[in-house]
Amino acid sequence: MTVEVLTVGRVGVDLYPEQSGVPLAGVRTFAKSLGGTATNVAVAAARLGRSSAVLTKVGPDGFGPYVRQALEGFGVSSAHVGTAPGLQTPVVFCALDPPEDPPLLFYRSPIAPDLTLEEADVPWDLVADVPLLWVTGTGVCAEPARTTQLKLLEHRGRRAHTVLDLDYRPMFWPDVDTARREIGRLLDHVTVAVGNRAEVEVAVGTADPDEAADRLLARGLDLALVKKGAEGVLVATPEGRWTVPPHPVDVVCGLGAGDAFGGALVHGLLSGWDPVRTARYANVAGALVASRLACADAMPTPDEIEAHL
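Numbering (this note's numbering), first residue to last: 6 to 314.
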């Protein structure tokens, strides 16, 4: 398989409550699903017909084979999923309380396997040549993955398409200043950045969408996307900017919407679509996942998205 998309970063097992509107203490049963931002984006892109692979690591436990089997079942290559001795595959619990923004409980101690990525784990030729490389802000929250991801980007040489998902999770960082410094270093090596208001504030120091877009483009990016929640998505390029409205749905679980948006963004970039068309498509993809329970299992097909455009 010729890989079109390589994502780098988190993988794990998501446990979703089968009871909505109650805190974790009130949940009786959970459903298991593949999870992790980078992983979900690869799955979403694969569901849209893109050949995808993930560069990550799992633990030498029972969930490691599950991750590999689930990836392959979704059509995503597990060839670059390594194993970190002595560590455990991450598990994440969520509570659908509220469903729109479920609180998450991460089990990633003492360190997640994906944060132990080293140079020897990297498929350097693929990094240099893959049509689209996707990296995340959480991928630089700890060593050795921090140095590895930066070297990976330097090796690629800022070729299109190199996408940074700002993906800020405060529980993974010692403080905001450290996150801003390390995520900021990545901006000089990517062509596209995507994040919500809180994430762009961490990355460039302002939550104002237009000002954040200005600062991102000033770093040499070709495209900046700032998610504004109910106000839609700001799409900014050096040539212009547009706000694309959201696609309304009844929200069941908002957890995977951003990853579905990411997978659709990948598809639009590789298809050569204009930024507004890409954002509209991505908004629908995200909305459809928000109307379902789960992330990877809920990623929409092209026909499902097109039916809502």
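In this text, a Cβ means the ideal position worked out from N, Cα and C, and glycines have one as well.
Assign Y71 to one of three DSSP states: helix, strand, or coil. Per DSSP, reduced to three states, the secondary structure at Y71 is helical.
With a cut-off of 8 Å on the beta carbons, I'd call T141 and R15 a contact; round off their distance for me. Correct: roughly 7 Å between the Cβ atoms.
Can you check DSSP and say which residues form a bridge with D19? Note: D19 sits in a beta bridge opposite S38 and V97.
My parser needs the beta strand (DSSP E) runs of 3 or more residues fully inside the segment 179 to 212; what are they? Complete beta strand (DSSP E) runs here, min 3: 197 to 201.
Taking the beta strand (DSSP E) that G267 belongs to, which residues open and close that run? In this chain, G267 is not harboured by any beta strand (DSSP E); it is covered by the alpha helix (DSSP H) spanning A262 to S276.
With 16 other Cβ atoms within 10 Å as the buried cut-off, status of D264: Counting the other CB atoms within 10 Å of its CB gives D264 a total of 16 or more, which places it among the buried residues.
Could you name the residues that DSSP lists as bridge partners for Y112? DSSP lists V96 as partners of Y112.
Boundaries (first-last residue) of the beta strand (DSSP E) holding A132: In the sequence as presented, Ala is not what sits at residue 132; that position holds Val. Run containing V132: none in the beta strand (DSSP E); it sits in the alpha helix (DSSP H), W129 to D134.
Measure the C-alpha to C-alpha separation of T236 and V249 and round it to an integer number of angstroms. Reading the sequence as shown, one finds Glu at residue 236 and not Thr. Whole-angstrom Cα-Cα distance: 8 Å.
CB contact flag (V168, L60, <9 Å): Between V168 and L60, the C-beta gap is not smaller than 9 Å, which leaves the two residues out of contact.
Among all the DSSP beta bridges, which residues are the ones paired with G245? Beta-bridge annotation (DSSP): G245 is paired with T242.
Member of N45, G78, S82 and G64 whose CA lies at the smallest distance from the CA of A58: By alpha-carbon distance to A58, the top candidate from N45, G78, S82 and G64 is S82.
Look up T143 in the DSSP assignment and say whether it is helix, strand or coil. In this structure, T143 counts as helix in the three-state DSSP scheme.
Is it true that the CB of D180 sits closer than 9 Å to the CB of G200? Not a contact, by the Cβ cut-off of 9 Å.
Nearest-angstrom beta carbon gap, E9 and V135 [assumed within contact, 8 Å]: In this structure V135 is in contact with E9, their Cβ atoms being roughly 7 Å apart against a cut-off of 8 Å.
Of the listed residues V209, P107 and V197, nearest to R185 (C-alpha basis): Closest by alpha carbon: V209.
Three-way DSSP call (helix, strand, coil) for V13 in this model: Under the three-state reduction of DSSP output, V13 falls in the strand class.
Own chain partners of G80 with C-beta closer than 6 Å, once the 5 adjacent residues on each side are dropped: Excluding sequence neighbours, G80 sits near A51.
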